[in-house]
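Throughout, our numbering is defined as the position within the sequence shown, counted from one, plus 66.
Glycine residues also receive a C-beta, built at the ideal position from the N, C-alpha and C atoms.
None of the values given here were measured: they were computed from a predicted structure.
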Amino acid sequence: MEKSKLTKVILIGSGMAFLASSGMGLSGLLGRSTEQPASENAAQSQNAQLQAEERGFEGVLKREPNNQTALRGLVEIRMRRNDAPGTKAALEQLVKLNPSNIQYKEFLAALNKQIAEPKKVGTLKPTEPQPTQPSK
């Protein structure tokens with residue numbers, strides 16, 4: 067008889083623990099529904115990370131204004147943030163440092179076109195050079 071009482075106590079205790087943990091989970095789930103959606107939090111987190119990286123590249127460029135690695139990084143970060151004027155400034159510096167680099171010049175021309183006609187041109191994206199096909 068003592069064994070059945072012990073079994074009942076354990077069964078009731080387990081049931082109460084299950085209900086309590088389920089209630090805690092549901093209350094946490096309901097509490098999160100009033101907060102910002104996860105996608106907004108992720109976007110804010112990514113934007114904060116991009117801003118931190120941008121400040122890092124800017125810090126390097128204060129010490130070394132002609133650091134091409136930092137300039138390329140700054141161009142990439144500003145492109146990802148859709149900062150066309152900021153991208154243009156860094157890209158112009160790269161063109162000055164590399165006047166023979168056709169890719170930089172082409173990208174700057176495309177960027178200038180986007181700035182001049184923002185509704186006709188899509189979002190700011192770098193383009194890969196297309197391989198030329200030999201003529202037949």
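> Mind checking E120: buried by the 16 CB within 10 Å criterion, or exposed?
Replying inline: As a first step, residue 120 must be located in the sequence shown, where it is residue number 54. E120 comes out buried.
> What first and last residue would you give for the alpha helix (DSSP H) that runs through E172?
Replying inline: For the purposes of this step, residue 172 is taken as residue 106 along the sequence shown, with counting starting at 1. Per DSSP, E172 belongs to the alpha helix (DSSP H) from I168 to A182.
> In whole angstroms, what is the alpha-carbon distance linking L137 and N107?
Replying inline: Taking the sequence shown and counting its residues from 1, the one referred to as residue 137 is at position 71. Taking the sequence shown and counting its residues from 1, the one referred to as residue 107 is at position 41. Distance between the alpha carbons of L137 and N107: 29 Å.
> Where does T153 land, buried or exposed, given buried means 16+ other C-beta within 10 angstroms?
Replying inline: Residue 153 sits at position 87 when you count from the first residue of the sequence shown. So T153 counts as buried.
> Where do the N-terminal and C-terminal ends of the alpha helix (DSSP H) with R146 fall, by residue?
Replying inline: For this step, residue 146 is matched to residue 80 along the sequence shown. In the DSSP assignment, R146 falls within the alpha helix (DSSP H) that extends over Q134 to R146.
> Using the C-alpha atoms, what's the distance from A156 back to N113?
Replying inline: Along the sequence shown, one-based indexing puts residue 113 at 47. Along the sequence shown, one-based indexing puts residue 156 at 90. Answer to the nearest angstrom: the Cα atoms are 19 Å apart.
> Can you tell me where the alpha helix (DSSP H) with P151 in it begins and where it stops?
Replying inline: Position 85 of the sequence shown holds residue 151. Unbroken alpha helix (DSSP H) run through P151: A150 to L163.
> Should Q227 and L163 be called a contact, given that it needs their Cβ atoms to be closer than 8 Å?
Replying inline: Missing from the structure shown is residue 227; the chain here goes from 67 to 202 and no further.
>> If you reduce the DSSP assignment to three classes, tell me which class R119 lands in.
In response: Residue 119 sits at position 53 when you count from the first residue of the sequence shown. A small correction: the amino acid at residue 119 is Glu; Arg does not occupy that position in the sequence shown. Helix.
> Does DSSP put E106 in a helix, a strand or coil?
Replying inline: On the sequence shown, residue 106 is found 40 positions in, with the first residue counted as 1. In this structure, E106 counts as helix in the three-state DSSP scheme.
> Roughly how many angstroms lie between the CA atoms of A182 and E142, to the nearest whole one?
Replying inline: Locating residue 182 in the sequence shown gives position 116, where the first residue counts as 1. Locating residue 142 in the sequence shown gives position 76, where the first residue counts as 1. Computed Cα separation, rounded: 20 Å.
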